[in-house]
Amino acid sequence: MHNFLFSRKDANAALLSNFEVFQLLTDLKQQRKDSGKHKQSSGQQNLNTIMYETLKYISKTPCRFQSPEIVRDFLIAMKGHKLTKAEKLQLLNHRPMTAVEIQLMVEESEERLTEEQIESLLQTVSSVLPGNPAEELQKQATTAAEEDDDPE
Amino acid sequence: MFVLVEMMDTVRIPPWQFEMKLNDSIAEELNKKLANKVVYNVGLCICLYDITKLEDSYIFPGDGASHTKVHFRYVVFHPFLDEILIGEIKGCSQDGVHVSLGFFDDIVIPPESLQQPAKFDEAEQVWVWEYETEEGAHDLYMDTGEEIRFRIVDESFVDTSPTGPSSTEASTSGATEEVQKKEAPYTLVGSISEPGLGLLSWWTNS
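Residue numbers (this note's numbering), protein chains in the order written: chain L, 1 to 152; chain A, 1001 to 1206.
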């Protein structure tokens, strides 16, 4: 199992990305389906509920388009930007598309990032992390149509 | 919003489960005990990540079951302070806006942390941001079902373990005991008083 653990100094806790939890729960769900037994036993109801609800929530976030390779590429691409682990984690989980979102996730961004750096971060995020393929196609179609309409 | 927490516990395996592989029966017992439960000062437990160490199993006199000390890691929901999250508005009350993530429900954004100026519409039981533009105030309603982006600003853990009967308080505290029973073991406090926070629809340029 790939480990992209962002370690935290306090407590015995390491941060997990939504993608890691998504992968874990998806694998666990498959394992339990394959083994077939015990799912309905009274003790397992809590696990069923929390797995179902958590998967339902994170499946609506950008992590559903991610893979271990994409996450690795993202971390490499982030190296030059001097962000903390928690900040990189939020960018990975949210895939921000606007400067305002970047400013929310990066602490003291007015002091640490220039406008160009924010733009560059947005570029990296949207090129390395996949968004919704249907939306991407639609966006490409609209920009192509707009370019056709421009008078020479 | 998720963390991996190292824990240790002694797991009791009853004899009728001895035919299962030890790791499997232990995993099942740990999930039965912790999944979907809040551990005080840790967070909401989701599922077992892995077992890191199994010590020897012992059988004690009078009990046919085996007892095994287990070191393991568990996936826990515990957002860090200042983390940005997206949830769904469950409803509004005088206490503020209540937000849910589906698997976790006890998030509240108190009135003072809403985009200001804000007012509570008693008739519709909804909080409203009285957004000011050159044309005058534009009322933005925080309706149930809307997606909302917020920042975690505080958390609180309440020990809900049973305290046993208290004979002296029995006569007067009938009402307070009711309130105590309904307190959530883990609550998150959010804020949306910054640009970019609040309903997603407020900030999309489409």
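Cβ atoms here follow ideal geometry from the backbone N, Cα and C, with glycine treated the same way.
C-beta contact flag for residue i and residue j at 8 Å
i        : j        : result
S1191(A) : F1157(A) : no
G1198(A) : I1148(A) : yes
I1109(A) : G1091(A) : no
L1114(A) : W1202(A) : no
E16(L)   : M51(L)   : Just to set this straight, residue 16(L) is Leu in the shown sequence, not Glu. No, the Cβ-Cβ distance between L16(L) and M51(L) is not below 8 Å.
L55(L)   : V71(L)   : no
V106(L)  : E119(L)  : no
Sequence-distant residues of the same chain with beta carbon closer than 8 Å to residue i, five excluded per side
i        : result
T1010(A) : H1067, T1068, K1069 and V1070
D1143(A) : I1089 and V1126
Q117(L)  : H81
E1124(A) : Y1141
Other residues of its chain near residue i: CB distance less than 7 Å, five sequence neighbours each side excluded
i        : result
L1004(A) : Y1049, R1073 and V1075
H1138(A) : Y1131
E1177(A) : Note that E1177(A) scores 48 on pLDDT, short of 50, meaning its location in the model is unreliable; the coordinates nonetheless yield the value given after this. Correct list: empty, nothing qualifies.
L1034(A) : C1045 and Y1074
Exposure of residue i, with buried meaning 16 or more beta-carbon neighbours within 10 Å
i        : result
Y1186(A) : buried
M1008(A) : exposed
W1129(A) : buried
I1059(A) : exposed
Q90(L)   : buried
Which of helix, strand or coil DSSP assigns to residue i
i        : result
E1177(A) : Its pLDDT being 48, under 50, E1177(A) is placed unreliably in this model, and the coordinates cannot settle the point.
Y1058(A) : strand
V106(L)  : coil
D1095(A) : coil
D1050(A) : strand
Y1131(A) : strand
Y52(L)   : helix
G1190(A) : strand
R964(A)  : Residue 964(A) lies beyond the stretch modelled for chain A, which goes from 1001 to 1206, so this question has no answer here.
Residue i beta carbon near the ligand ADP (any heavy atom closer than 7 Å)
i        : result
E1146(A) : With respect to small molecules bound, the structure shown includes none, and the ligand ADP cannot be examined in it.
Beta-carbon contacts of residue i that lie in its chain and below 6 Å, excluding the five residues immediately before and after
i        : result
Y1040(A) : F1157 and D1159
(request) Output, in sequence order along the chain, the residues in the stretch 1177 to 1204 of chain A whose CB is closer than 8 Å to any CB in chain L. (result) E1194, P1195, G1196, L1197 and W1203
(request) Note down, in chain order, all residues in the stretch 46 to 67 of chain L with a beta-carbon under 8 Å from any beta-carbon belonging to chain A. (result) N46, L47, T49, I50, M51, E53, T54, K56, Y57 and T61
(request) Taking only beta carbons into account, state which residues of the stretch 1072 to 1089 of chain A come closer than 8 Å to chain L, listed in chain order. (result) V1075, V1076, F1077, H1078, F1080, D1082, E1083, I1084 and I1086
(request) Identify each residue in the stretch 1121 to 1137 of chain A for which the Cβ-Cβ distance to at least one residue of chain L is less than 9 Å, and report them in chain order. (result) none
(message) Counting only Cβ-Cβ distances shorter than 9 Å, please list the residues of the stretch 71 to 87 of chain L near chain A, keeping chain order.
(response) A86
(request) For the stretch 1049 to 1065 of chain A, enumerate the residues whose C-beta is nearer than 9 Å to any C-beta of chain L, in chain order. (result) Y1049 and D1050
(request) Identify each residue in the stretch 103 to 129 of chain L for which the Cβ-Cβ distance to at least one residue of chain A is less than 9 Å, and report them in chain order. (result) Q103, L104, M105 and E107
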